[in-house]
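Taking numbering that gives the first Met the number 0, the leading residue of the sequence shown gets 0, the next gets one more, and so forth. Backbone N, C-alpha and C define an ideal beta-carbon position, used for all residues, glycine too. The structure presented is a predicted model; accordingly, all values stated were derived computationally and were not measured.
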Amino acid sequence: MSVIQYAPDSKQAGEYRALAEKIHANSGQGTIPTPITMEELEEMLLDFGIMKTDEQMLAELHSKEAAKATHEPGIRE
């Protein structure tokens, strides 16, 4: 069931209607998006800093593990 079916008078339903009207009004005036591959998506996420590289994630993990090890009772370096 969609928001418009469940709560046609809700604010969210109004937002969806407004979006649909904008899309309809823009028909033929814009670029139709095409699907991208998972690799292209990951590259975009990396380029914009939204997703971390494997190396960055491993470095953070090692850093957290090292910090945890130095703060545990009875462990001294």
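| request: Round the Cβ separation of Leu57 and Met50 to the nearest angstrom and send it over; I've been treating them as touching at under 8 angstroms. | output: Actually they do not touch by this definition, with Cβ atoms about 14 angstroms apart.
| Are the CB atoms of Ala12 and Ala19 nearer to each other than 7 angstroms? | No, Cβ-Cβ distance for Ala12 and Ala19 is not below 7 angstroms.
| Three-way DSSP call (helix, strand, coil) for Ser26 in this model | Look at Ser26 here: in three-state DSSP terms it is coil, with no helix or strand label.
| query | Could you give the distance in angstroms between the alpha-carbon of Arg16 and the alpha-carbon of Asn25? | reply | Approximately 14 angstroms between the Cα atoms of the pair.
| query | Roughly how many angstroms lie between the CA atoms of Gln28 and Glu39, to the nearest whole one? | reply | 26 angstroms
| request: Reducing DSSP to helix, strand and coil, say where Gly48 ends up. | output: coil
| message | Under DSSP, the alpha helix (DSSP H) around Asp53 begins and ends at which residues? | response | Asp53 to His70
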